[in-house]
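Structure, as structure tokens:
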Amino acid sequence: MKLTISSVMISVLIASSVSAVPVRRHQKNKMMMAPKGNSAASSAVGAAYFITNEPSGNFVVAASIGSDGKLTLQQATSSEGVGSHGLPDLAGPDALFTQGAVKASNDGQVLATVNAGSNTVSLFSIDPKNPTALQLIGKPVGSGGEFPVSLAFNKAGSMLCALNGGFVNGVACFNVDKTKGLTPIANTLRSLSLNQTTPATGPAGSASHVIFSEDESQLIASVKGVPPTPGIFAIWDIASDKSLSSNFKAVQPATGGLLPFSMTVIPGKNAVLATDAGIGADILDLSGENAGGVAGGKSSILNITGQGATCWSSHSTQTGNFYLTDILTNEVTEVNVDDNLKPTIVQQYSQGTGVATIDNDIATVNKQDFMFVLAANATQVKVLSLNAPGKATALQTLDISGPAKSAGLTVNAANLQGMTSFISSA
Ligand SMILES: *[C@@H]1O[C@H](CO)[C@@H](O)[C@H](O)[C@H]1NC(C)=O
Ligand SMILES: *[C@@H]1O[C@H](CO)[C@@H](O)[C@H](O)[C@H]1NC(C)=O
Ligand SMILES: *[C@@H]1O[C@H](CO)[C@@H](O)[C@H](O)[C@H]1NC(C)=O
């Protein structure tokens, strides 16, 4: 393989040089995964990304998105950090117990990933003409804590906040610059005061996800409860200088909620749909009064009958509905939230048995929405065409392990995490 030879040659050249140039690690930084005669990269309308989260070296895997919504694996790029796996079940998928381990910003043309085992965050630039060829910007920076697990960009892609879920836990935010990289923002290092370990112990009691509220006036982190004690949404106010309030407001989900996991903004409502591994979903009305620290206003819970652990979610602009994944039942559950914030189940779509559907994202291609679901245990990505409310259909099953093996990229079902996408011309 040409790539192997050239990398080895470069390593030899550097190693034999007498100058003080630091020797790079003996690891390829890029691995090509495209099929022979590949033309998908040049006709791509965007890219979908997830991470290997391997303790031996974390890679961002990029697949091109075709105009038909189908994915083609193209390239894996080293984050120059390492992954990790939460305790105690080292063999289980969903290593970080979170959503948002890797995030792309369409407006900022950047992508960031956590390196949970290095306590760092890596930033890459995205070239819209070739979105699968990521370029690392500078070096990974400290995440402001231990076991970083989730990331949130503001809409402009100029601010990034990280959620740390380990022994030293909480949030920390950074300015994003395409040449200077990430620089910490003063007064954004805030503790969650969780009694946690590094790596984190979970899923119960672990940090889940960090997001900006729709108007970007608040930063919200979700934390799973330890049954029978419900978890919380930790809410910080964001000042005009981007600093965070010293303390967070802790809000429990409405009665019945237990393990708040992913959070997806409900457009135009100052509210959030959170998946809840213990019941299905929580609706969090951010404008409600929170009597006794429990979510008020129009907050509620959605009981998804027969659910196992509903943990990940995305919103579709095409159908107006939310799509939730369950790691145990492997159902995608489509949920409608009406003008009064009342949630109802629209439809469910089975993705198989034992595939462990975890992180997902939805991208709009020519006004059509496509959902990318990481089926971690099967080392696959399931692609759904959302079409219309209640009318999603299976479009593609993308194999990860075959192309990874051919490229010499280490992937494990238990470590794969994250799903995010970038569209070149929206
Ligand atoms: C923290 O968690 C450990 C392990 O579960 C437990 O033994 C300890 O009592 C906890 N400490 C506090 C202050 O809750
Ligand atoms: C959720 O629905 C199931 C099935 O109807 C029921 O057994 C369960 O008690 C419900 N859970 C809650 C918390 O209401
Ligand atoms: C993952 O696959 C293994 C082997 O097929 C199976 O035993 C296990 O139950 C699966 N785990 C999940 C969470 O689906």
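Counted the way mature numbering (1 follows the signal peptide of the UniProt record, and there is no 0) counts, the sequence shown spans residues -20 to -1, 1 to 406. Where a beta carbon is used, it is the ideal one built from N, C-alpha and C, also for glycine.
Residues with their Cβ less than 7 Å from any non-hydrogen atom of ligand 3, running along the chain, are G72, P73, I307, L308, G334, V335, A336, N357 and A393.
Within the chosen limit of 7 Å, ligand 2 reaches the beta carbon of I259 through at least one heavy atom. Annotation: S365 to Q115 spans about 30 Å, alpha carbon to alpha carbon.
Boundaries for A71: no alpha helix (DSSP H) harbours it, and the DSSP string shows neither H nor E there. For P383, the enclosing alpha helix (DSSP H) has its first and last residue at S381 to A387. Around the Cβ of G80, a 10 Å sphere holds 16 or more other Cβ atoms; the residue is buried. In this structure, G277 places its C-beta atom within 8 Å of the C-beta atom of D265.
Listed in chain order, the beta strand (DSSP E) runs fully inside the region 104 to 145 are 128 to 133 and 139 to 145, counting runs of at least 3 residues.
In this structure, DSSP gives G161 an extended state, which the three-state scheme calls strand. S226 counts as exposed, since fewer than 16 other beta carbons sit within 10 angstroms of its beta carbon. With respect to the 8 Å criterion, P210 and G300 are not classified as neighbours on the basis of their beta carbons. A residue is called buried once 16 or more other Cβ atoms fall within 10 Å of its Cβ, and G273, having fewer, is exposed. By the criterion of at least three beta-carbon pairs nearer than 8 Å, the region 110 to 127 is in contact with the region 157 to 170. Taking C-beta separations shorter than 6 Å and ignoring five residues to either side along the sequence, the partners of S279 in its chain run A234, I263, L264, D265 and G268, following chain order. With a threshold of 7 Å, the Cβ atom of N310 does not count as near ligand 1, since no heavy atom of the ligand is closer than that. A Cβ-Cβ contact shorter than 8 Å links G125 with G146. Under the three-pair Cβ rule at 8 Å, the region 372 to 387 does not count as touching the region 81 to 88. Of the candidates S186, G236, G237 and T255, the residue whose Cα lies closest to the Cα of V245 is T255.
With 5 Å as the limit, the residues whose C-beta approaches any heavy atom of ligand 2 more closely are G236, N283 and T285, in sequence along the chain. Remark: the shortest separation between the CB of N175 and any heavy atom of ligand 1 falls under 7 Å. Apart from sequence neighbours up to five positions away, the residues of its chain that approach N395 with a beta-carbon distance below 7 Å are T32, N33, E34, G63, H65 and A75, ordered along the chain. A direct Cα-Cα distance of roughly 15 Å separates S173 from A142. For a cut-off of 8 Å, the C-beta gap from S381 to I342 is around 24 Å, too long to register as a contact.
The beta carbon of S223 lies closer than 8 Å to those of I165, A166, N167 and T168 in the same chain, with the five residues before and after it left out. DSSP places E311 in the uninterrupted beta strand (DSSP E) bounded by E311 to V317. Following the DSSP letters along the chain, one finds I284 in no beta strand (DSSP E), marked with neither H nor E.
Along the region 182 to 218, the alpha helix (DSSP H) does not occur as any fully enclosed run of 4 or more residues.
Closest in C-alpha terms to P207, from the list F192, G122 and P183, comes P183. For P111, the CB contacts under 8 Å within the same chain, skipping 5 residues up- and downstream, are A24, G26, A27, A42, S44, F402 and S404 in chain order.
The continuous stretches of beta strand (DSSP E) do not include G276, and DSSP gives it neither H nor E. Taking C-beta separations shorter than 8 Å and ignoring five residues to either side along the sequence, the partners of E196 in its chain run N134, K135 and I218, following chain order. Of the candidates I212, T400, N392 and A387, the residue whose Cα lies closest to the Cα of P15 is A387.
Excluding five sequence positions before and after E60, the CB atoms of its chain that fall closer than 6 Å to its own CB belong to P120, given in chain order.
Apart from sequence neighbours up to five positions away, the residues of its chain that approach L308 with a beta-carbon distance below 6 Å are G288 and A289, ordered along the chain.
N155 sits in a strand when the DSSP states are folded into three classes.
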